[in-house]
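A.B. asks:
2 protein chains.
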Amino acid sequence: MRAIFIAVGSEMLDLDRVDTNSGYVARRLRQKGILTDMKVVVGDHMDNLSWIVKKACQRAQLVVLSGGLGPTEDDITREAVATALKKELVFREEIVAGLRELFRSRGQAMPEINARQAFVIEGAEVLANPVGTAPGLYCEAGGCKVLLLPGPPNEMQPVFEAAFEKFIAPAANYHIYSRTFKLTGIGESDADSRIADIYRKYRNPVTTILASPGIIEIHLLGRSKDSDEEARRLTDELAGKVRERLKDFIFAEGDAGLPEVVIAMLKERGLTLAVAESCTGGGLGDQVTSVPGSSEVFLGGVIAYANSVKNGLLGVREETLKRHGAVSEATAAEMAAVARRLCGADIGLSVTGIAGPEGGSDKKPVGLVYMHLSAANHERGMRQIFSGSREVIKRRSAFYALNLVREYLNQLAADGGRQTADGKKQADISDK
Amino acid sequence: MRAIFIAVGSEMLDLDRVDTNSGYVARRLRQKGILTDMKVVVGDHMDNLSWIVKKACQRAQLVVLSGGLGPTEDDITREAVATALKKELVFREEIVAGLRELFRSRGQAMPEINARQAFVIEGAEVLANPVGTAPGLYCEAGGCKVLLLPGPPNEMQPVFEAAFEKFIAPAANYHIYSRTFKLTGIGESDADSRIADIYRKYRNPVTTILASPGIIEIHLLGRSKDSDEEARRLTDELAGKVRERLKDFIFAEGDAGLPEVVIAMLKERGLTLAVAESCTGGGLGDQVTSVPGSSEVFLGGVIAYANSVKNGLLGVREETLKRHGAVSEATAAEMAAVARRLCGADIGLSVTGIAGPEGGSDKKPVGLVYMHLSAANHERGMRQIFSGSREVIKRRSAFYALNLVREYLNQLAADGGRQTADGKKQADISDK
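Each protein sequence line maps, in turn, to chains A and B.
Sequential numbering from 1235 applies to the first sequence in this note's numbering.
Sequential numbering from 1235 applies to the second sequence in this note's numbering.
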């Protein structure tokens, strides 16, 4: 079964309001092996909407619409779908009675305009809306299932779930299993070239590689006509091979972001973090503090944007700045060490670089960034030349710096030791 | 002229990657009075894509596609469009020559796979891509203009702009004039209620109010069949009334963001800024340093997330923290003053609050945020209770804090004086 999703509402065309219903519905359908071929956003316009519904019903076996079921004149989805399917709209007295009752329970009289919501496509099943006034509708026409859902996500979801359970899932013909790896510290084409020879052999699972600044995601989606177990087996087989090749870069499997992963690792070890930021300008701390509960392990730090702050407040030696420059391995190392000491943290993490678009030179081009991690008995620096816009360079720098923390904590774990705040190592003999 | 936009890429169907190109293109088209009837997202699938292109070309006068012009086998847009329009693909040697040259300039050999990008729909105009390897294409078929753009937004935009200028704008049949006000320090419904009685009287210009965390945008779009002047006159008439009601909150007209506006104002006055951030965790500095050239006026500051850092590194008095708490007017005031002094800045700006979701109490609920600006002869504090997620509260806090700087600099300007670093005022008699 193939699906087309149609989001109805001019605000998504004219005002860049993003339709989120399509993602929800596509994800749920995919869990039953029903793939969405297309998503359409169309305004509250009778001709356009009935045109696309008609075409979609000729093409797909399932057409899901959301929006345009309200009581006002703008709400034309019922009528447009009826037109497309060459069906009549019939008035259902019991819907009006239900609406009157709903309004009375809220201590209000039903505005007469809401009676429009009692018009139903002939032959359609009415789907109760437990949250709002717009009921959903389900009908079939020429071998195509058509589902009309209310637009607000909190109303759409329960109505969709009821219809999914009753009409859609029983007709689904695939079992699906998906896995996602998240990577950092590696670029998209590098990641791709390391696994292309493996995943290209498989048409099932389907492999998708996605890049955003500093983060690569690898999605594997396996499907089976027979069973969940078969879909899982196929996916796990490929996932194992992909993981083996890329394990040094994988920081999470599933939905967790890099800051979440690093904060969780710090909590587990009881270690604290401080930062010293130059070119990220606060963006590293902003990422870290995006995680609820980060205050347990993140102490703070210094935004040392101007050299006067690097030297003054932060206390990087003037000699270091003079001899090596603000963007240098030596400055990064000192920034991290001093931030750690000033904040009394276990780990100091620094970033200094040239985010551009101005300020680069032949020797130190835009995109050159030094990151450094300083901890008891451990120093680790990294030099990168990032490409991209100012925002992208800042973002990549923050993620690569966080990855230094992840690698360090992984290494601690591999060493089997536990790093304590005062720098002593002790065997981790706890049972946790 | 009516348009349909088609975004090509399975990742937008299967992985909830959001297409942002459609918004950009729709906005630019709207500026010439070309309305987008539909946006479609379709996977990298030959039959589905050529089907929707064919239907779209029957319906609209302009069809814009983005994505699927890369060199790999997944990239099928050229071929699918050729099929839909019943045209041949022809090989253009000069495109390959250009690609070889591009790779050579990067010190690389062109992978042979990139030769696929030299196939062109017969009769199509090739649109140079100044950023990447995928050229755009423009052709006409049966009265419909068809534009193929690369998928990455930074490649899409310059290619679109060239085609827009050459082929699309000259054929537009409306004159359009738009104005945008950007506001901060006010919520969406408050802004709406202050101007609803005015803008509801006008069907032309169309008024749209958009909210994002901390920022409200009011878009006015006037159109005329006759002339640019008429469209402008209509828009200016309404804009004048809107501005009058909301002038205290408007920080920019047009595209500039609040950080850009504040940095420009600081530069103009030759004043420097330092920050002390608690709940924003670096997000305020991150916003400030998103502006190229911000290093001229932004010195840096302290991320004082833990109380130990507020008291230790930053130097907020223990007594203040004990008596008033970390989230208090007194702590915010001291944070700003100390940040200013430690960094040697003209203006100190602080944020301290509870971003949630945990950590709130009856007296100090989640969303409670204190912001403070400290300058020579000027102290200004602000208390807000923001609603929304952790991310939204952080973002709103950063923008409201920046707005304190804007208001302060406006006030300086209104006073006709020039604030200098040592706190003296002098009449601004320079001719700059």
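All C-beta atoms in this analysis are idealised placements derived from N, C-alpha and C, irrespective of residue type, glycine included.
Here's a check: name, in chain order, each residue in its chain whose Cβ is nearer than 7 Å to the Cβ of residue 1413 of chain A, leaving out the five neighbours to either side.
C.D. replies: Cβ neighbours of residue 1413 of chain A beyond the five flanking positions: 1454, 1469, 1473, 1487.
A.B. asks: Output needed in chain order: residues of the stretch 1385–1407 of chain A with a Cβ under 9 Å from some Cβ in chain B.
C.D. replies: Listed by position along the chain: nothing, the set is empty.
A.B. asks: What do you reckon, is the C-beta of residue 1465 of chain A under 7 Å from a heavy atom of the ligand NAP?
C.D. replies: Although the ligand NAP was asked about, the structure shown includes no ligands whatsoever.
A.B. asks: Would a check of beta-carbon distances place residue 1634 of chain A closer than 8 Å to chain C?
C.D. replies: Looking for chain C here will not work: the only protein chains present are A and B.
A.B. asks: So the beta strand (DSSP E) residue 1628 of chain B belongs to, where does it begin and stop?
C.D. replies: No beta strand (DSSP E) contains residue 1628 of chain B, which is instead part of the alpha helix (DSSP H) from 1624–1649.
A.B. asks: Give me the chain B residues within the contact set of residue 1286 of chain A, using Cβ-Cβ distance strictly less than 8 Å, ordered along the chain.
C.D. replies: The contacting residues are 1272.
A.B. asks: Short of 8 Å Cβ to Cβ, which residues in the stretch 1285–1306 of chain A face chain B?
C.D. replies: Against chain B - using a Cβ distance shorter than 8 Å - the residues of the stretch 1285–1306 of chain A are 1285, 1286, 1289, 1293.
A.B. asks: Assign residue 1666 of chain A to one of two classes, buried (16 or more other C-beta atoms within 10 Å of its C-beta) or exposed (fewer than that).
C.D. replies: Residue confidence is low: residue 1666 of chain A scores 31 on pLDDT, short of 50, so the model does not pin down where it sits. Its coordinate-derived value is still stated next. Exposed, since its Cβ has fewer than 16 Cβ neighbours within 10 Å.
A.B. asks: Kindly list the residues whose CB is nearer than 7 Å to the CB of residue 1426 of chain B, restricted to its own chain and excluding five residues on each side of it in sequence; keep chain order.
C.D. replies: So the list reads 1443, once near-sequence residues are dropped.
A.B. asks: Do residue 1493 of chain B and residue 1690 of chain B count as a contact pair if the criterion is CB distance below 8 Å?
C.D. replies: The requested residue 1690 of chain B is not part of the displayed model; chain B covers only 1235 to 1666.
A.B. asks: Along chain B, in chain order, which residues have C-beta atoms closer than 8 Å to that of residue 1591 of chain A?
C.D. replies: 1526, listed in chain order.
A.B. asks: Checking 8 Å against the spacing of the C-beta atoms, do residue 1548 of chain A and residue 1536 of chain A come in under that value?
C.D. replies: Yes, Cβ-Cβ distance for residue 1548 of chain A and residue 1536 of chain A is below 8 Å.
A.B. asks: At the 8 Å Cβ level, is residue 1529 of chain A part of the contact set with chain B, yes or no?
C.D. replies: Yes, residue 1529 of chain A counts as interfacial toward chain B.
A.B. asks: Tell me the residue span of the alpha helix (DSSP H) that contains residue 1339 of chain B.
C.D. replies: It spans 1327–1339 - the alpha helix (DSSP H) in which residue 1339 of chain B sits, taken as one unbroken run.
A.B. asks: Do residue 1631 of chain A and residue 1603 of chain A have their C-beta atoms within less than 8 Å of each other?
C.D. replies: Yes, these two residues count as a Cβ contact at 8 Å.
A.B. asks: Any idea what DSSP makes of residue 1523 of chain A, helix, strand or coil?
C.D. replies: Here residue 1523 of chain A sits in coil by DSSP.
A.B. asks: Once you ignore the five residues that flank residue 1361 of chain A on each side, which residues in its own chain have a CB closer than 7 Å to its CB?
C.D. replies: Excluding positions up to five away in sequence, the list reads 1369, 1370, 1371, 1372, 1393, 1396, 1397.
A.B. asks: Less than 8 Å between the C-beta atoms of residue 1538 of chain A and residue 1510 of chain A, yes or no?
C.D. replies: Cβ distance < 8 Å, so residue 1538 of chain A and residue 1510 of chain A count as in contact.
A.B. asks: What first and last residue would you give for the beta strand (DSSP E) that runs through residue 1555 of chain B?
C.D. replies: That residue, residue 1555 of chain B, is in no beta strand (DSSP E); its alpha helix (DSSP H) goes 1552–1558.
A.B. asks: At least one CB of chain B closer than 8 Å to the CB of residue 1520 of chain A: is that the case?
C.D. replies: True, the Cβ-Cβ gap to chain B drops below 8 Å.
A.B. asks: Can at least three beta-carbon pairs, one atom from the stretch 1258–1273 of chain A and one from the stretch 1405–1424 of chain A, be found at a separation below 8 Å?
C.D. replies: Segments in contact, yes.
A.B. asks: Under three-state DSSP, which class holds residue 1603 of chain A?
C.D. replies: Of the three classes helix, strand and coil, the one that applies to residue 1603 of chain A here is strand, per DSSP.
A.B. asks: So the alpha helix (DSSP H) residue 1471 of chain B belongs to, where does it begin and stop?
C.D. replies: Its alpha helix (DSSP H) spans residues 1462–1480.
A.B. asks: Using a Cβ-Cβ distance under 8 Å, would residue 1282 of chain B count as near chain A?
C.D. replies: Yes, its Cβ sits closer than 8 Å to a Cβ of chain A.
A.B. asks: So, for residue 1564 of chain B: in the same chain, excluding its five sequence neighbours on each side, which residues have a beta-carbon less than 8 Å away from its beta-carbon?
C.D. replies: Result list for residue 1564 of chain B: 1554, 1557, 1558, in chain order.
A.B. asks: Rounding to the nearest angstrom, what Cα-Cα distance links residue 1451 of chain B and residue 1312 of chain B in this structure?
C.D. replies: Taking the straight line from one Cα to the other gives about 38 Å.
A.B. asks: Between which residues of its own chain and residue 1623 of chain A is the CB-CB distance below 7 Å, once the five residues before and five after are set aside?
C.D. replies: If we look at residue 1623 of chain A and ignore the five residues flanking it on each side, it has no Cβ neighbours.
A.B. asks: Chain A partners of residue 1538 of chain B, CB-CB under 7 Å?
C.D. replies: Neighbours of residue 1538 of chain B on chain A, chain order: 1534.
A.B. asks: Where does residue 1550 of chain B land, buried or exposed, given buried means 16+ other C-beta within 10 angstroms?
C.D. replies: Flag for residue 1550 of chain B reads buried.
A.B. asks: Pull out every residue of the stretch 1305–1339 of chain B whose Cβ sits closer than 8 Å to any Cβ of chain A, in chain order.
C.D. replies: Against chain A - using a Cβ distance shorter than 8 Å - the stretch 1305–1339 of chain B contributes no residues.
A.B. asks: With distance defined between alpha-carbon atoms, name the residue in B/1501, B/1497, B/1512 nearest to residue 1524 of chain B.
C.D. replies: When only C-alpha atoms are compared, the closest one is B/1497.
A.B. asks: Judging by CA-CA distance, which residue of B/1479, B/1598, B/1519, B/1347 is the nearest neighbour of residue 1304 of chain B?
C.D. replies: Out of B/1479, B/1598, B/1519, B/1347, B/1347 has the C-alpha closest to the C-alpha of residue 1304 of chain B.
A.B. asks: Are the beta-carbon atoms of residue 1301 of chain A and residue 1366 of chain A separated by less than 8 Å?
C.D. replies: No.
A.B. asks: Just list the residues that DSSP pairs residue 1507 of chain B with in beta bridges.
C.D. replies: In the DSSP output, where bridge partners are listed per residue, residue 1507 of chain B has B/1532, B/1581.
A.B. asks: Answer with yes or no whether the minimum CB distance from residue 1472 of chain B to chain A is below 8 Å.
C.D. replies: Taking Cβ atoms only, chain A never reaches closer than 8 Å to residue 1472 of chain B, which makes this a no.
A.B. asks: Classify residue 1588 of chain A as buried or exposed, calling it buried when 16 or more other Cβ atoms lie within 10 Å of its own Cβ.
C.D. replies: Residue 1588 of chain A should be labelled buried.
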